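First up is the structure itself, then whatever we jot down about it.
Residue numbers (the numbering used here), protein chains in the order written: chain A, 3 to 390; chain B, 718 to 1277.
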């Protein structure tokens, strides 16, 4: 097989930021900007904690216990609904009645405390009569308080088991530092998502809990894509005494397009659920789900770059091996070199070409520092002949 | 190599096509969950503070299923999830009916039998039903003139020889049927092997109801006339037996709590299958049992048939004839049981020794219209979501996105077929959470393609040919996909095992689509991309934002 002339030559031709991003030729100094990310996260977490302490979460029926009816609101008003409740011996004053819009139809959502089964049935029948609809069109939901506690307990237990298993898995597959960073990033995502629910006082339902749990999966997926690359680059630069910050920077530049694309691909269906399903078509049950997912996906992609990676760099930086290698980060063209430093063949080719174009200042400046070729302690092993 | 790829590609395409053909051909389709079609969902849990084990819950699930089935509720979903039981009843919208339907006590009652009618009968049933409907359950002393009662018998040779063992006249396993002339009203006629038949006079001394009644009057709020009746241990009732017969039984004389817990065992006794069970010592065990045994052995007015029925939630499990007056320690029930019947009976008696009281913790009614709207919204949103993602893929990866399109079709086909099969054979349903899980999984599936294609770009940027890059790229990308999907799978499994209700449905479909993702990535995406990379279709064109070898060479030629 004939070695192809390097497309790397194209590199110096793409000079607009968009083109570089599209061609995966970025040289963003993520580590140099890590404090921006960490600062934003800390601010959000602080807001979350304040909100949680001040107003807590708006927990839905399924967690606190109680009864809820949903009635088409065309022929029934708030006051009429309260009359129905009072007529059946339900304390109407305690009832929470809101109007929700689903599929272009207004529906009354009536929430009360726990009621016995016969009262529930009587209220349903009376509501159907008052609203002039068939009883089939009335949704009701009744949960005892103890069951709500049970659900919460189960969710927390699932979360703890999940974290432990995932930590073990990442530690086994990669290493402990990565497991710690990934879990920290994941908790960060959940915390911020919960915070948004608390700040905006959105109702937390079982669907929301499902969504939160899914967020964990997405957050980890993103982080693992980054870490997989870091793992690979650690091996690649093993002999070159490259600071860990640089390894991370290189990895992130290499995966940034991948991360953006995967996140975009995951966000699009969720966004469609949120905007089209819940917004235009008014399926409330979809909104509960999609909103938490949307928030989680966005924080998930963000945290894999701005939380997980800097944290990993910091933990690894403390180890004796990398402590010894600390040095100024490679930025600009040097970073690009490291990012683009593909196969030896391509590099040789580009060097030859750059030497030929002697007037090119970029090539001249870049040749001196930290180019991977100069970092290698020995010549790369010649390629084996392989029949294909 | 090339041939292998073509085989793999055609195999998975063939699999997808044949699966969807079978699914559509056989008319299988995913069963929709409650939240998508309307109905009532009841979550039950044992009342706190009582001792119970998983097996008694499993038995309760079985009882609920029998009961729900007997009322003809379409596609019910009854599951035990950890220590809770979830009953989903689509199409039901009366809360009280739903709660009654699932209200199994798990209590076993010992009730003296007044008379039995077998399922296998040639007697004029019409007359029985006619007189019975007016009297059943009312406790009046009406006696029908034309009633004929057939009593099944135990087969000979099944009688145990021990003094402390009763012989079974269980209606369940017996096959032989004796009929008596229609002149004897409300009587239980037994064959030679068992006791003497009581006269019509004795039968009518107590609260007496005609046997063989249709259960219509007993069942409240039932939609059909075939449902199991609700047990009322304080009254005389007509209750169905396991084999479809009916027995008239008196008020309960004791509960299953006379038996020692977990002592009932199916075993071979005298050449046939039977059950042995230990009695608790003292008044609450042997005392209660012997009082009943005495009553029946002597064929008193309350127990003219000499049979003692073992009833669980309105169904007579067995009605053995009592062969002794006094029991100490243990009881044997024999008869022409099959092994399964004996095992089942033992299970019932064990559960009766430890009854659980279930409590409805959550009752949710979903209106059918709301469910339909949600489904429609989810489907439209899903379709738009897929379209957006595909548009994005085509804009970014150009021709390579054809693989994504076909891949999504293959995954979609597989998931649809598997869901349909599960609905058909394992009673699974697709809930709104499940639909959401599937839509979310589109993102996960696309992720795999992005990871692969970006990797491919990396390889090409490093100066490899498209053909070579595809091969190396897949190897590295599949590694990443495996690791990331494993985490998704761990998440799905944990959610599945540790949660209840909607979360489970979501976890299931997330897990399913993750598995399908790995499968499709290896058996479809790999051969498809590798073959495309070799074909002329991809060469010489600008693909995925990076020029192929030919273009790159030309570009180089132009610049240098």
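Heads up, the beta-carbon is just placed ideally off N, CA and C, and yes, glycines get one too. Bear in mind that the values here come from a model prediction, so they are computed numbers and not experimental data.
query	result
Does residue 255 (chain A) come within less than 9 Å of chain B when only Cβ atoms are used?	no
So residue 834 (chain B) contacts chain A; which residues on that side make the cut at Cβ distance below 8 Å?	The premise fails here: residue 834 (chain B) is roughly 35 Å from chain A at the closest Cβ pair, so nothing lies under 8 Å.
Going by the CB atoms, is the gap between residue 121 (chain A) and residue 72 (chain A) shorter than 9 Å?	no
How many Å lie between residue 776 (chain B) and residue 1189 (chain B) at the Cα?	55 Å
Heavy atom of the ligand FAD less than 8 Å from the Cβ of residue 1212 (chain B), yes or no?	Summarising the ligand content, the structure contains no ligands, and the ligand FAD is consequently not present.
Helix, strand or coil for residue 830 (chain B), going by three-state DSSP, please let me know.	strand
Taking the straight line between their C-alpha atoms, what separation do you get for residue 385 (chain A) and residue 1169 (chain B)?	24 Å
Label residue 890 (chain B) either buried or exposed according to how many other C-beta atoms from any shown protein chain fall within 10 Å of its C-beta, with 16 as the threshold for buried.	Note that residue 890 (chain B) has pLDDT 37, beneath the 50 cutoff, so the model's placement of it is unreliable and the number below is only indicative. Burial call: buried.
Name the residue from B:965, B:759 and B:1104 whose alpha carbon lies nearest to the alpha carbon of residue 119 (chain A).	B:759
Answer yes or no: do residue 142 (chain A) and residue 1082 (chain B) have a C-beta to C-beta separation smaller than 9 Å?	yes
Could you please tell me which residues of the stretch 1070-1103 of chain B, in chain order, have their CB closer than 8 Å to any CB of chain A?	1076, 1077, 1078, 1079, 1080, 1081, 1082, 1083, 1084, 1085, 1086, 1087, 1090, 1091, 1093, 1094, 1095, 1097, 1098, 1099, 1101, 1102 and 1103
Tell me which residues share the same chain as residue 344 (chain A) and place their Cβ nearer than 6 Å to its Cβ, disregarding the 5 neighbours each side in the sequence.	Residue confidence for residue 344 (chain A) is low, a pLDDT of 48 falling below 50, so the modelled location carries little weight; the figure read from the coordinates is stated next. Excluding sequence neighbours, residue 344 (chain A) sits near nothing in its chain.
Among B:829, B:807 and B:1211, whose alpha-carbon lies nearest the alpha-carbon of residue 1026 (chain B)?	B:829
At what residues does the beta strand (DSSP E) containing residue 957 (chain B) begin and finish?	954-957
So, are the CB atoms of residue 198 (chain A) and residue 204 (chain A) less than 9 Å apart?	yes
Apart from the five residues just before and just after residue 77 (chain A), which ones in its own chain have a Cβ nearer than 8 Å to its Cβ?	132, 133, 134 and 135
Hey, is residue 1223 (chain B)'s beta-carbon within less than 9 Å of any beta-carbon in chain A?	yes
For residue 962 (chain B), which of helix, strand or coil comes out of DSSP?	coil
Classify residue 1241 (chain B): buried if its beta carbon has 16 or more other beta carbons within 10 angstroms, exposed otherwise.	buried
Secondary structure at residue 1109 (chain B), three-state DSSP: helix, strand or coil?	helix
DSSP beta-bridge partners for residue 98 (chain A)?	A:113
For the 8 Å Cβ check, are there 3 or more pairs between the stretch 88-101 of chain A and the stretch 223-241 of chain A?	no
Unbroken alpha helix (DSSP H) runs of length 4 or more, entirely within the stretch 250-313 of chain A: which are they?	286-305
Counting only the same chain and skipping the five closest in sequence on each side, list residues whose C-beta sits under 7 Å from that of residue 297 (chain A).	195 and 198
So residue 1039 (chain B) is in the beta strand (DSSP E); what residue range does that whole segment cover?	First-last for residue 1039 (chain B): undefined, no H or E at that position.
Check the C-beta distance from residue 1158 (chain B) over to residue 1231 (chain B) and give it rounded, since I have them as a contact under 8 Å.	7 Å
In three-state terms, what does DSSP make of residue 143 (chain A)?	strand
By the DSSP assignment, the alpha helix (DSSP H) with residue 1121 (chain B) in it spans what residues?	1118-1143
Going along the chain, which residues of the stretch 219-237 of chain A sit with their C-beta nearer than 7 Å to a C-beta in chain B?	219, 222, 223, 226, 227 and 230
Taking 9 Å as the threshold (C-beta atoms), are residue 220 (chain A) and residue 268 (chain A) in contact?	yes
Would you report the Cα separation of residue 1050 (chain B) and residue 994 (chain B), rounded to the nearest angstrom?	8 Å
Look up residue 205 (chain A) in the DSSP assignment and say whether it is helix, strand or coil.	strand
Is the separation between the beta-carbon of residue 1047 (chain B) and that of residue 980 (chain B) shorter than 9 Å?	yes
Show which residues of chain B have a CB atom less than 8 Å away from the CB atom of residue 142 (chain A).	812, 1080, 1081 and 1082
Report yes or no: is there a C-beta of chain A within less than 9 Å of the C-beta of residue 1111 (chain B)?	no
Determine the closest residue to residue 279 (chain A) out of B:783, B:1093 and B:1103, with distance taken between C-alpha atoms.	B:1093
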